[in-house]
Every structure is written in C-alpha cells, then in structure tokens.
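> The structure is given below, and queries will be raised subsequently.
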Amino acid sequence: MSTLGSFIWSIADQLRGPYRPNQYGNVILPLTILRRLDCILEPDRETVRELAAKYDNPNRLRVEVKKATSRPFYNTSSYSFANLLADADGLADNLADYIDRFSPDVDVFQYFDFKKEILAMEKAGLLREVITSFKAVNLHPKVVSNADMGDAFEYIIRKFNEAANETSGDHYTPRDAIRLLVDLLFAEKDADLTEAGIVRTLYDPTAGTGGMLALAEEHLLAQNPEAKLSLYGQEYNPQSYAICKSDLLAKGHDATNIAFGNTLTDDAFKGRQFDFCMSNPPYGVDWKQYAKAVTKERDEAGPYGRFAPGLPSTSDGQMLFLLHLVHKIRAPEDGGGRAGIVMNGSPLFNGVAESGPSNIRKWLLENDLVDAIVALPINMFFNTGIATYIWILDNNKHPDRKGLVQLIDGTSFWTKMRKNLGSKGREISDADRAKVVRLYADFTDADPDYSKVLRNDEFGYWTITVERPLLDESGNPVVDRNGKPKPDTKKRDTENVPFTYGGSTVGAAGKVEVIQAYFGAELKPHVPDSWIDWAKTKTGYETPFTRHFYKYVPPRPLAEIDADLEKQVAKILDLLREVEK
101 MSTLGSFIWS IADQLRGPYR PNQYGNVILP LTILRRLDCI LEPDRETVRE
151 LAAKYDNPNR LRVEVKKATS RPFYNTSSYS FANLLADADG LADNLADYID
201 RFSPDVDVFQ YFDFKKEILA MEKAGLLREV ITSFKAVNLH PKVVSNADMG
251 DAFEYIIRKF NEAANETSGD HYTPRDAIRL LVDLLFAEKD ADLTEAGIVR
301 TLYDPTAGTG GMLALAEEHL LAQNPEAKLS LYGQEYNPQS YAICKSDLLA
351 KGHDATNIAF GNTLTDDAFK GRQFDFCMSN PPYGVDWKQY AKAVTKERDE
401 AGPYGRFAPG LPSTSDGQML FLLHLVHKIR APEDGGGRAG IVMNGSPLFN
451 GVAESGPSNI RKWLLENDLV DAIVALPINM FFNTGIATYI WILDNNKHPD
501 RKGLVQLIDG TSFWTKMRKN LGSKGREISD ADRAKVVRLY ADFTDADPDY
551 SKVLRNDEFG YWTITVERPL LDESGNPVVD RNGKPKPDTK KRDTENVPFT
601 YGGSTVGAAG KVEVIQAYFG AELKPHVPDS WIDWAKTKTG YETPFTRHFY
651 KYVPPRPLAE IDADLEKQVA KILDLLREVE K
C-alpha cells in the first residue's frame, strides 16, 4: 500500500458532506498533480516571472524557460501554494488564475474540469481547508521519487474507482503485469539497450494513467542510466489523460507527446513509427459507434492501411488495437520494432475460417509478426478474474526465431497477495517474472511443460465442407441433370483440417494432398458415400493455447468413487432417520 497515497486520500475526509465519496477523486487527483507541479516549479519561479515579463511570444518564452530551467513547462502566475492562502477572500479567483497561467502544454486541469470544483469547494466553505492540507505535503521529486509518486497515483485512482463503483481496470494495469510485459518487450537479443547514449521511442495508444510508459522508462534506465527513452501516448478518458500527461510532465518529458483522443478514429501520431509499442486495450468493448469511421478508413487506406487485414466483431475491439500496434512499429528496413499487448483469450481463437479475427491472425502469422504469446495467471487484474495473455510482436525477428512462435504457459507463476484488491488476488513476484523471462530466453531449450515453439503453419487449418447424397424414398441418391448426386443439406458437415495433418507442412505438401489424405483416413471409412465440396473450402488460423498445454489427468478408480458414494448415501440415510424421529 502507498503510505503517501493513503495520506493524500485521507484529505478527502474534509470533503465529506458537500461531496459524495464517488466525487472525492475530482478534487484529490487534480490537487495532487497541482501540488507536485508546484513543488517542481518553486525553485525557479522568480526566474520564470522575469522571463514572462520580458517575452510576450509564447514560443520564444518556452525556449527561454527551457534554457533557464531545463524544463519544458512553466507557470507565469504571481500565485503558488506559497502565497495562495494570504488572500483569504480572493482564494478561489487566485487559484483559478494559477491554473490558467501554466504553459499551453499543461492542459490537464481543463480535462479535469477543475475550475468547476474550485467554485464548488468555495461555495461549500471547504477550499481554504483543503488547500492548507495540500500545502503541508511536500511532493518535490527529491522528497517523493517518481516511483513513489506513481504508487501514490495508483492508490488514489483505485480508491476513487472503488468509491465510484467503477471498473478500475479501465484506468490502469497492475504494475506486476506491466513489468513482465516490459521485460519481454526488451528481452530480445538485438534490442541493444546497453549501448552508450542510446535513444529509443516508446508508444502506448491506450496510455491510461501512464503506468506502462513510466515503468518501461524505469526498466530501461535501470539497465542503462545513459539511455534516453522518448515516450509517446494517446488516451481518450479525460481524467486518465490528465493524470498521464501530468505524471510525464513532472518527470521532464515533452508534454506534446501525450495526445488526447480516440486512437481508433483519430491516430494522433499518423505517419509516425516507434521502436517499441505497448498496450492494454479494453477487453470486449463494443466499437459499434466507431464502426462507420473504422470501416471508411479501412476501405480508403487500401492494402497498407491499419485495418486492411480484417475487422473483428463490433462487440470486441481488442484486435483493432493489435493491428494498430503492428502499423506503428518501426519498419524492418529502418531497423524494425517490437510491440507488446495484453488481451483476453478471445483473440486467440474467436471467429471461424475467413472471418475478420481469423484473417487478422492469418496476416500476422503469414507475415511472421508473432514472436511469443504468454498466458498470465488468472485473478491478476483489478476488475476481472478471466484468463489474459501477453502477445509479443516483432517485424524483424532474430534469425533463431524466424518462422516460429513461442507459447509460454505462465499461469502457475504467481504469488498469493495478503489482501485482495478488487478481483486481483494474485501477483507476479520478481522471482515469478524471472522464470517467465528465462523461458523466453531459453526458447527451444526451455522446459516443454511450460514452453512450446511452433512453426507459423502449425496454427493454420482448412475448413472443408463434407456433403452426403440426398436419397429418394427407395434409398437411392437423387441426381441432377448431369447425373451428379444432389447433396442433402441436413447431413452437410464441416471439418477443420490442420495444415500439418500427417506431419506435413504446407510448403512440402500441397493443400489438396493434405485435405485428401485427411478425408481418406478420417472420414471416408465412416461415411463412404460422402464427398468434399471444394468450392466451399476456407482457410483459417487459430491459437488453441490450452490444447498445447493440456495435461491428461486420469479419473479416480471406480472402487474409490463407489466408496465415496456409499459414505454419502449413509450420511443422507442418517439425516432422514433424524427427520423421521
């Protein structure tokens, strides 16, 4: 638990009465951010005010402030927490002036709609008390590290969501899951993350409160303090956007790299590609309201557009973000890029052959873009206990991994938490994470109980349509004008034929040969009058993860089961005798 976070949240008790618990976050979150920025700006406040008096042009002022303070943002107001309380009658107006005079890139208070809260607190007679409490908290980075500030944010957001009875998973991803994703993303042998003066770009199209971006940077700097990671993100929830941007601003990043808006309908970084991309998109979220815009883009952008490979069902938009990430990683001719995305199980197998999801998997696998898929433990996320998976994508794989996909079963690598946080009762400890990363690194030498390495074609199959003749009253086949038997639609069936049936590969054995071999061995002996309607054959791809790691557990001996049944029957009879007395 974050001690700082719980202390800050305790200030919310002062709001009790005029504010309901589900409204506390509207005050506590922006004030935490304001106080953090206030502490950062305090040492150079007079310098900035002098520069503001000298330069009217905001672009010139930004350049001069950056030169003088090494910070990309500033505030030109004559107010700060140091003197806000001196003018008791003007506190609301002066606080509004303070937030208005941040540099244009600090638009976060607008997205919090914080001026409305200032007026509400003033009207309720709470403003002075709350500002006094925040003034007493020193949030300067020398006192509160970026990591501790991140923990505090996480704690406050969770408390806010609990009070609002919202799904906290919509706002942030647990840090243990992010750390594993980051480790896997940076694990590739050729990532060159230890080079001196290395500069890399990282992008998150569903940035939330910025947890993934922050932890990725933390990871890289721990490996190489001289490295520079430029962070980019887009977020459509106003409050999450405000928190994300504030957090990165406070750490000295360029705030213009964090954009507000819907990534699916308005890519804020169109034309830009990145070394690393990562995302935890919302699971199973309906995108019907964006369908018209997404379909229009797909049709107009042609074969190289974001959504050219296919569109998933409008009831679940996860695979749209999957396609978007592939579109945003640096092209192979420019050195290539990697992406990591957390999704639930449906993108592994949903949709029949030649449906949108199947076509997306086909495109990913035939273009050798899937590097690894890791199954996470259940009960890992705050708002859901369902199975989740990390996909690692790479458009310029290490030669050892080309044409192959590694499946890692990480479901047993978890540690029980002392206290559940919503649905989250398990966490991935440092030791658990190291085991999964070791499996990834060992690749073909990894423990086969937890890791399987498969060729891309091992995920492909053909769906064939098997017909049987329509019979007349005498039991004879009904034929058409050409003397061919007519199919009986009621007996029509489909079968999925793996590309690799009989140990073949699609390259070595053709489609027709493999299907005929399957038909001759698996179907014809049982239904000798059947035939294949070749015109209806479809190609599909799926990732039957659980099938690859299925372990047969033999049933208990019958004698043991009988003995248990006899015990239960005896108990029931005893209970009935008690009732009869």
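Taking my numbering, I'd label the letters of the sequence shown as residues 101 to 681. All C-beta atoms in this analysis are idealised placements derived from N, C-alpha and C, irrespective of residue type, glycine included.
Here's the rule I'm using: 16 or more other beta-carbon atoms within 10 Å means buried, otherwise exposed. How should Ile343 be labelled?
On the sequence shown, residue 343 is found 243 positions in, with the first residue counted as 1. So Ile343 counts as buried.
> Tell me, to the nearest whole angstrom, how far the beta carbon of Leu623 is from that of Glu595; I am working on the premise that it is less than 8 Å.
For this step, residue 623 is matched to residue 523 along the sequence shown. For this step, residue 595 is matched to residue 495 along the sequence shown. Sure, about 7 Å apart at Cβ, within 8 Å.
> By a C-beta neighbour count over all protein chains shown, 10 Å radius and 16 as the cutoff for buried, is Ala224 buried or exposed?
Residue mapping note: residue 224 aligns to position 124 of the sequence shown, counting from 1. Exposed: under 16 other Cβ atoms inside 10 Å.
> Quick one, are the C-beta atoms of Val230 and Val127 less than 8 Å apart?
Taking the sequence shown and counting its residues from 1, the one referred to as residue 230 is at position 130. Taking the sequence shown and counting its residues from 1, the one referred to as residue 127 is at position 27. Contact: yes.
> Could you spell out where the beta strand (DSSP E) holding Ala359 opens and where it closes?
On the sequence shown, residue 359 is found 259 positions in, with the first residue counted as 1. It spans Ile358 to Phe360 - the beta strand (DSSP E) in which Ala359 sits, taken as one unbroken run.
> I'd like to know whether the C-beta atoms of Ala307 and Gly333 end up nearer to each other than 8 Å.
The residue labelled residue 307 in the question sits at position 207 within the sequence shown. The residue labelled residue 333 in the question sits at position 233 within the sequence shown. Yes. Within cutoff.
> What's the call for Asn183, buried or exposed, on a 16-neighbour Cβ count within 10 Å?
Position 83 of the sequence shown, counted from the first residue, corresponds to residue 183. Exposed: under 16 other Cβ atoms inside 10 Å.
> Counting C-beta neighbours from all protein chains within 10 Å, is the total for Thr97 16 or more, i.e. buried, or is it exposed?
With the chain running from 101 to 681 in the structure shown, residue 97 is simply not present.
> Rounded to whole angstroms, how far is the Cβ of Asn357 from the Cβ of Gly437, which I believe are closer than 8 Å?
Residue mapping note: residue 357 aligns to position 257 of the sequence shown, counting from 1. Residue mapping note: residue 437 aligns to position 337 of the sequence shown, counting from 1. Rounded, the Cβ-Cβ distance is 17 Å, inconsistent with contact.
> Taking the runs of the alpha helix (DSSP H) that are 4 residues or longer, which of them lie wholly in the segment 379-452?
388-401, 418-428 and 446-449
> In three-state terms, what does DSSP make of Trp514?
What you label residue 514 is simply residue 414 of the sequence shown in a count that begins at 1. Coil.
> According to the Cβ coordinates, are Thr132 and Ile218 closer than 8 Å?
Translated into the one-based positions of the sequence shown, residue 132 becomes position 32. Translated into the one-based positions of the sequence shown, residue 218 becomes position 118. Against a cut-off of 8 Å, the Cβ pair of Ile218 and Thr132 comes out as no contact.
> Excluding the five sequence neighbours on either side, which residues of its own chain have a C-beta within less than 6 Å of the C-beta of Met101, listed in chain order?
Here residue 101 refers to the residue found at position 1 of the sequence shown. Residue confidence is low: Met101 scores 48 on pLDDT, short of 50, so the model does not pin down where it sits. Its coordinate-derived value is still stated next. Hits under 6 Å: none found.
> For Leu72 versus Ala287, is the C-beta distance shorter than 8 Å?
The structure shown does not extend to residue 72, since the chain is modelled only from 101 to 681, so the question has no answer here.
> Under three-state DSSP, which class holds Phe376?
Within the sequence shown, the letter at position 276 stands for residue 376. Strand.
> Once you ignore the five residues that flank Ser180 on each side, which residues in its own chain have a CB closer than 8 Å to its CB?
Taking the sequence shown and counting its residues from 1, one reaches residue 180 at position 80. Excluding residues within five positions, the ones whose Cβ falls inside 8 Å are Asp138, Leu141, Glu142, Arg145 and Tyr198.
> Hey, which unbroken runs of the beta strand (DSSP E) at 3 residues or more fall wholly within the segment 550-581?
551-555 and 560-567
> Let's see if you can read the secondary structure: which residues bound the beta strand (DSSP E) around Thr301?
Position 201 of the sequence shown, counted from the first residue, corresponds to residue 301. Note, Thr301: beta strand (DSSP E), Val299 to Asp304.
> DSSP on Leu521, reduced to helix/strand/coil?
Stepping through the sequence shown from its first residue, residue 521 is reached at position 421. Looking at Leu521 - three-state DSSP - the assignment turns out to be strand.
> Taking the alpha carbon of Glu527 as the point to measure from, which residue in Pro432, Ala314, Ala220 and Asp276 has its own alpha carbon closest?
Translated into the one-based positions of the sequence shown, residue 527 becomes position 427. Checking every option, the nearest Cα to that of Glu527 belongs to Asp276.
> Can you find the residues in the same chain that come closer than 7 Å, C-beta to C-beta, to Leu151, ignoring five residues on each side of it along the sequence?
Position 51 of the sequence shown, counted from the first residue, corresponds to residue 151. Excluding positions up to five away in sequence, the list reads Leu161, Glu164, Val165 and Ala168.
> Is DSSP giving Ala196 helix, strand or coil here?
For this step, residue 196 is matched to residue 96 along the sequence shown. Note: Ala196 maps to helix in three-state DSSP.
> Straight-line CA distance for Pro655 to Thr646?
Stepping through the sequence shown from its first residue, residue 655 is reached at position 555. Stepping through the sequence shown from its first residue, residue 646 is reached at position 546. C-alpha separation (whole angstroms): 20 Å.
> I'd like the span of the alpha helix (DSSP H) that includes Thr147, first residue to last.
Locating residue 147 in the sequence shown gives position 47, counting from the first residue. Where Thr147 is concerned, the enclosing alpha helix (DSSP H) stretches over Arg145 to Lys154.
> Using the three-state DSSP reduction, which class does Arg136 fall into: helix, strand or coil?
Along the sequence shown, read from residue 1 onward, the residue named residue 136 stands at position 36. Of the three classes helix, strand and coil, the one that applies to Arg136 here is helix, per DSSP.
> Using C-beta distances below 6 Å, list every residue in its chain close to Ser346, excluding the 5 sequence neighbours before and after it, in chain order.
Translated into the one-based positions of the sequence shown, residue 346 becomes position 246. Taken in chain order, the residues that qualify are Ile133 and Val208.
> Pairing CB atoms from the segment 447-457 with CB atoms from the segment 630-648, are three or more of them under 8 Å?
yes
> Please classify Met101: does DSSP put it in a helix, a strand, or coil?
Start at 1 with the first residue of the sequence shown, and residue 101 comes out as number 1. Low per-residue confidence applies at Met101: pLDDT is 48, beneath 50, and the placement is therefore not dependable, though the value from the model is reported in the following sentence. The answer is coil: DSSP assigns Met101 none of H, G, I, E or B.
> Tell me whether Pro585 sits in a helix, a strand or coil according to DSSP, three-state version.
As a working mapping, residue 585 is identified with position 485 in the sequence shown. Looking at Pro585 - three-state DSSP - the assignment turns out to be strand.
> Classify Pro499 as helix, strand or coil using the three-state DSSP reduction.
Position 399 of the sequence shown, counted from the first residue, corresponds to residue 499. Note: Pro499 maps to helix in three-state DSSP.
> I'd like to know whether the C-beta atoms of Asn444 and Thr273 end up nearer to each other than 8 Å.
Taking the sequence shown and counting its residues from 1, the one referred to as residue 444 is at position 344. Taking the sequence shown and counting its residues from 1, the one referred to as residue 273 is at position 173. Cβ distance not < 8 Å, so Asn444 and Thr273 don't count as in contact.
> In terms of residue numbering, what span does the alpha helix (DSSP H) encompassing Asn159 cover?
If you number the sequence shown from 1, residue 159 lands on position 59. That run of the alpha helix (DSSP H) goes Pro158 to Thr169.
> Just tell me which of Lys552, Gly610, Gly311 and Pro548 has its CA closest to the CA of Leu348.
For the purposes of this step, residue 348 is taken as residue 248 along the sequence shown, with counting starting at 1. Nearest C-alpha to Leu348: Gly311.
> Three or more C-beta pairs closer than 8 Å, one from the segment 499-518 and one from the segment 537-544: is that the case here?
yes
> Is the beta carbon of Gly510 sitting closer than 8 Å to the one on Ala475?
Taking the first residue of the sequence shown as 1, we reach residue 510 at position 410. Taking the first residue of the sequence shown as 1, we reach residue 475 at position 375. Contact flag set, yes.
> What residue from Lys516, Arg568 and Leu507 has the CA that sits closest to Asp556's CA?
In the sequence shown, residue 556 corresponds to position 456, counting from 1. The question names Asp, yet the displayed sequence has Asn at residue 556. For the residues Lys516, Arg568 and Leu507, the minimum Cα distance to Asn556 belongs to Leu507.
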